[in-house]
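FYI, the numbering for the sequence shown is 41 to 409, going by the working numbering. We treat Cβ as the ideally placed atom computed from N, Cα and C, and that holds for glycine. Source: prediction; values computed, not measured.
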Amino acid sequence: MTETPQHAFHGGASFDAIGSDFGDLARRSTIVDADVLDAWYEPAPAVLATLREHLPWLVKTSPPTHGDGLRAAIAARHGLSPGHVILGGGTSALMYLAFPRLVRRDDTVAVLDPMYSEYRHLFEHVLGARVVGCELEEARGFRPDPAAIAAKVAASGASLLVLVNPNSPTGSCLDGAGLRALLAAVPAGVRVWIDETYVDFVPEVPTAEALVAGDRRVIVAKSMSKFFALSGLRIGYLCADPALVAALEPWNPPWSAGLLAQCAAMRALQNYAWYRERAAETRVLRAELAAAIGAVPGLVPFPGVANFVLFATERLPAGELVARCRAHGVYLRDCGSLSPRFGARYVRTAVKDRAGNARIAAALAAASA
Ligand SMILES: Cc1ncc(COP(=O)(O)O)c(C=O)c1O
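This is how it looks when you write it as structure tokens:
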């Protein structure tokens, strides 16, 4: 009998090399942690300056209990009210806050396949729901097809659709028109959770946050981990209909977002233009990395719009390729755990800075030789 896993599998194996006892943090500079999708750049200078200047106070002081200032600032960016926003210690915490109150055992939930695997794990293994995968076709570069997704949702009787846009690990994306087409085609009464962890990397795709003011079905999950380079602090938020926010907020513990996190998030939002410049650089670095991967015989990168590259491995099984790269201190993600449809054929790498990308390309070339 196979045991139900307690947790979804994630990247982060690089902490095996660094040491999760943090005994020698200098070890972090010896490896390339491209198995997780953390930003290759540091937080904006204004963020770091504030944290450095006030660090002891920020560490020892209780934060605003429910993050009212940050909620108001987030809401104001897209014409929402603070009552549209729930704050938490990362969107992961908010998923575990919201879904037990939205999904009952034996409900049907639709997700994209492949997609970030925490959702399927939570629905299937923690909440006991039935999960239906809306299969994205490899031949279409895994691009989501609004009509096909809506048809699958309707046929399955799902009460909730979850999509990650841009999707991970594929890097494919619905643009504004595609998202509107999907929302128009999904049966009325089906909630649509849009995870926008990577959307800010794509200037031509607007965030769906403003949509929650006019469509009560829509819930937008915004991690501030990746684009704002705040993964270690744990901060994220949901935008949703105020009635839903009011129903969920009583379950949100006091101080669920720490003071360092609230303060850094506020400064980061104030410096959005600086981060957009990093997104433009990321696009260039991504193109260079994808070209370098494509130059290695047997590796085929997929087009994508975010800070990572999905590539097929045609000669070596993904696990073998990842293990060989690890011997070079380069940590990549074998995508087998993200969807059974991937088999042993897909690997994902984060985009790093130029030096990091050169190490990734060199490790892949050596591993494939
Ligand atoms: C698509 C997606 N959603 C959510 C998360 C979790 O983000 P957070 O750090 O806000 O918990 C991740 C993290 O990798 C992710 O890739």
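Taking each of 281, 294, 354 and 198 in turn and checking the Cα distance to residue 383, the smallest one comes out for 354.
According to the DSSP secondary-structure assignment, residue 396 is paired through a beta bridge with no residue.
Here residue 233 carries a strand assignment [DSSP, helix/strand/coil].
CA-CA distance, residue 125 to residue 281, rounds to 9 Å. In terms of side-chain proximity, the C-beta atom of residue 379 is found no nearer than 8 Å to any non-hydrogen atom of ligand 1.
A Cβ-Cβ separation of about 22 Å leaves residue 176 out of contact with residue 139 under the 8 Å criterion. Inter-residue distance for residue 198 and residue 92 is about 48 Å (C-alpha atoms, whole angstroms). Each of 130, 131, 132, 156, 204, 208, 235, 237, 263, 265 and 276 has a C-beta closer than 5 Å to some heavy atom of ligand 1; these make up the full list, in chain order. The criterion of a C-beta distance shorter than 9 Å is satisfied by residue 74 and residue 370.
Secondary-structure assignment with DSSP links residue 277 through a beta bridge to 127 and 262. Taking C-beta atoms under 8 Å as the contact rule, residue 156 and residue 204 qualify, at a distance of about 5 Å.
For residue 315, the uninterrupted alpha helix (DSSP H) segment begins and ends at 312-334. In the same chain as residue 115, and ignoring 5 residues on each side of it, the C-beta atoms closer than 7 Å to its own belong to 121, 122, 124 and 125, in chain order.
Classified as exposed, residue 291 has fewer than 16 neighbouring CB atoms from the shown chains inside 10 Å of its CB.
Uninterrupted alpha helix (DSSP H) stretches at least 4 residues long and entirely within the segment 336-383 occur at 358-366, given in chain order.
For residue 404, the secondary structure class from DSSP, reduced to helix, strand or coil, is helix. Annotated as distal: residue 225 and residue 184, with beta-carbon spacing of 9 Å or more.
Judged by their CB atoms, residue 385 and residue 352 are nearer to each other than the 9 Å cut-off. Scanning the segment 152-230 from its first residue to its last, the whole beta strand (DSSP E) runs of 3-plus residues come out as 170-175 and 200-204. If you ignore the 5 residues before and after residue 135, its C-beta comes within less than 8 Å of the C-beta of 158, 159, 162 and 261, all in its own chain and listed in chain order.
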